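Every letter in the sequence shown is one number past the one before it in the numbering used here, and letter 269, counting from 1, is 1245.
Every residue gets a Cβ at the ideal spot worked out from N, C-alpha and C, and that includes glycine.
Predicted, not measured: the structure shown is a model, and the values here were computed from it.
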Amino acid sequence: MNREAVSSDIPAASILDLPPLATVRVLDAEICYREASGPANAPVVLLVHGILATSGLNWMHAFAPLSRHFRVIAPDLCGHGGDRFHRRRFTLEDCADDIAALIAVLGLKRVIVVGYSMGGMVAQYVARRHGGLISGLVLSGVDWGSPQYGRATQLVGPAVMEAAVRLVHLQVCLLRAPVALLQRLGGAGSGRREPGPLRVSMGEFTGHNPRAIGGAVRSTMRFRSLEWLHEIRVPTTVLVTLRDRLFPQAEQRRMAAAIDGARVSEFDGGHVAVREPAYATALLEACRELSARMARSAR
């Protein structure tokens, strides 16, 4: 599970330069997403974040490099960040359906769906349930729901996770007053200054709905896809996080082997590799190679 939570060491240039949140109406719900425009007629990279993250916190290093070559779309999953919890319960399948609806309403073509951690589970469901809407798939920091992952997730039950989220939410609320005071003490007119990285990251994190987070934990604990991975028909790349303790690299490679024609690339990092700017470079290389494969198969 992705734990890109509030952190005072978040690089200011990344967190302060996020594309703004936009909202689109889909049936009886609204989906929030960030967009970084790319070159004219460029393929689309649609980024799907992990649990306890948001489109901003998970992908803050990726927007700039990816947008030099692709149009970048990054939604907040149901109950995370700016997205309201508009369902009675959270499921990975519903998240996949939300992404398919977003692709349809925005009229996106030549879409590469990139899923990290829980987002990789959602991305697998997108490929299975809505494969006709996408042209490529990148999975990273995730596997098929291996027994090793199952044992790890059982250590953190949904009730514990919900309590933790509520506690962090309270702590952030309590921090708002001293942060605001420090800003005011910083000089006259400081109240009109742009918010700093700490406030921006706190704002991202406090949008989480605790009930949705609990449902996300339940859904990820029960996720298993090995039996149907062979149904995925779009060109796929698995960007293996080599030092991942939650999703061992051997299981990530086993997942790749189960997907017809999938290729493997590597990043020498752990499960929170997305925190590293270098990961965005590895992701860009994976997306460009996949895009070239898509172009060749379309001829």
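In angstroms with no decimal places, state the Cα-to-Cα distance between residue 998 and residue 1016.
Looking at the backbone, the Cα of residue 998 and that of residue 1016 are separated by about 20 Å.
Taking 8 Å as the cut-off, decide whether the C-beta atoms of residue 1039 and residue 1187 are in contact.
When the beta-carbon positions are compared, residue 1039 and residue 1187 stay at least 8 Å from each other.
Range of the contiguous beta strand (DSSP E) that encloses residue 1091:
From DSSP, the beta strand (DSSP E) with residue 1091 extends over 1087-1092.
How is residue 1113 classed by DSSP in three states: helix, strand or coil?
Reduced to three states, the DSSP call for residue 1113 is strand.
Tell me the rounded alpha-carbon separation between residue 1184 and residue 1091.
Taking the straight line joining both Cα atoms gives about 19 Å.
Candidates 1256, 1214, 1226, of which the one nearest residue 1236 by Cα:
The option with the nearest alpha carbon to residue 1236 is 1214.
Could you name the residues that DSSP lists as bridge partners for residue 1007?
BP columns for residue 1007 point to 1000.
State the beta-bridge partners of residue 1048 as determined by DSSP.
Secondary-structure assignment with DSSP links residue 1048 through a beta bridge to 1012, 1021.
Residue 1219 - containing beta strand (DSSP E), residue span
For residue 1219, no beta strand (DSSP E) segment is defined, and its DSSP state is neither H nor E.
Excluding the 5 residues flanking residue 1266 on each side, which residues of the same chain have their C-beta closer than 7 Å to its C-beta?
Close CB contacts of residue 1266 within its chain, under the 7 Å cut and outside five residues either way in sequence, are with 1088, 1112, 1114, 1211, 1213 (chain order).
Would you call the segment 1013-1033 and the segment 1048-1058 in contact, with 3 or more CB pairs under 8 Å?
Contact check between the segment 1013-1033 and the segment 1048-1058: three or more CB pairs, one atom from each, fall below 8 Å, which counts as touching.
Just reading off the alpha helix (DSSP H) that residue 1043 is part of, what are its end residues?
It spans 1039-1043 - the alpha helix (DSSP H) in which residue 1043 sits, taken as one unbroken run.
Going by other Cβ atoms of all chains shown within 10 Å of its Cβ, with 16 needed for buried, is residue 1123 buried or exposed?
Sixteen is the threshold: since fewer than 16 other Cβ atoms of the shown chains lie within 10 Å of the Cβ of residue 1123, the residue is exposed.
Opposite residue 1267 in the DSSP bridges: which residues?
In DSSP, residue 1267 forms no bridge with anything.
Let me know the secondary structure DSSP gives residue 1252 once reduced to three states.
Of the three classes helix, strand and coil, the one that applies to residue 1252 here is coil, per DSSP.
Given a cut-off of 8 Å on the beta-carbon distance, is the pair residue 1257 and residue 1019 in contact?
No. Outside cutoff.
8 Å Cβ cutoff met for residue 1120 and residue 1227
Contact flag set, yes.
In the DSSP assignment, what residue or residues form a beta bridge with residue 1240?
Answer by DSSP bridge pairing, in chain order: 1214.
Would you mind reading off the limits of the alpha helix (DSSP H) that contains residue 1071?
Start and end: 1068-1082.
Residue closest to residue 1190, alpha-carbon to alpha-carbon, out of 1260, 1002, 1064, 1005
When only C-alpha atoms are compared, the closest one is 1064.
Pair every Cβ in the segment 1000-1007 with every Cβ in the segment 1075-1085, then say whether three or more of these pairs are closer than 8 Å.
In short, these stretches touch, since the Cβ pair count reaches three.
Run through DSSP, which three-state label would residue 995 get?
In the structure shown, residue 995 sits in coil (DSSP, three-state: anything other than H, G, I, E or B).
For residue 1200 and residue 1081, what's the separation of their Cα atoms in angstroms?
Residue 1200 and residue 1081: Cα-Cα distance of roughly 29 Å.
Count the other CB atoms within 10 Å of the CB of residue 1136; is the residue buried (16 or more) or exposed (fewer)?
In this prediction, residue 1136 scores a pLDDT of 46, lower than 50, which makes its location untrustworthy; the coordinate-derived value is nonetheless stated afterwards. By the neighbour-count rule (16 or more Cβ atoms within 10 Å), residue 1136 is not buried but exposed.
Enumerate in chain order the residues of its own chain whose CB-to-CB distance from residue 1143 is below 6 Å, with the five nearest sequence positions on each side excluded.
In this prediction, residue 1143 has a pLDDT of 47, which is less than 50 and means its spatial position is unreliable; what the coordinates show is noted afterwards. Result list for residue 1143: empty, nothing under 6 Å.
Supposed close pair residue 1008, residue 1083 - CB separation, criterion 8 Å
Approximately 18 Å separates the beta-carbon atoms of residue 1008 and residue 1083; this is outside 8 Å, ruling out the contact.
Whole angstroms is fine: what's the gap from residue 1229's alpha carbon to residue 1217's?
Going from the Cα of residue 1229 to the Cα of residue 1217 covers about 10 Å.
On the criterion of 16 or more Cβ atoms from any shown chain inside 10 Å, does residue 1108 qualify as buried, or is it exposed?
Under this definition residue 1108 is an exposed residue.
Rounded Cβ spacing between residue 1259 and residue 1234 (contact assumed at less than 8 Å)
No, residue 1259 and residue 1234 are not in contact; Cβ-Cβ is about 22 Å, not under 8 Å.
Coil, strand or helix - residue 1184 by DSSP:
Correct three-state label for residue 1184: coil.
Starting from the C-beta of residue 1046, find all residues in its chain whose C-beta is less than 7 Å away, skip the five residues before and the five after it, and write them out in chain order.
Take residue 1046, set aside five residues on each side of it, and the residues of its chain with a beta-carbon closer than 7 Å to its own are 1014, 1018, 1019, 1020, 1021, 1263, in chain order.
Assigned exposure category for residue 1273 - 16 Cβ within 10 Å defines buried
Classified as exposed, residue 1273 has fewer than 16 neighbouring CB atoms from the shown chains inside 10 Å of its CB.
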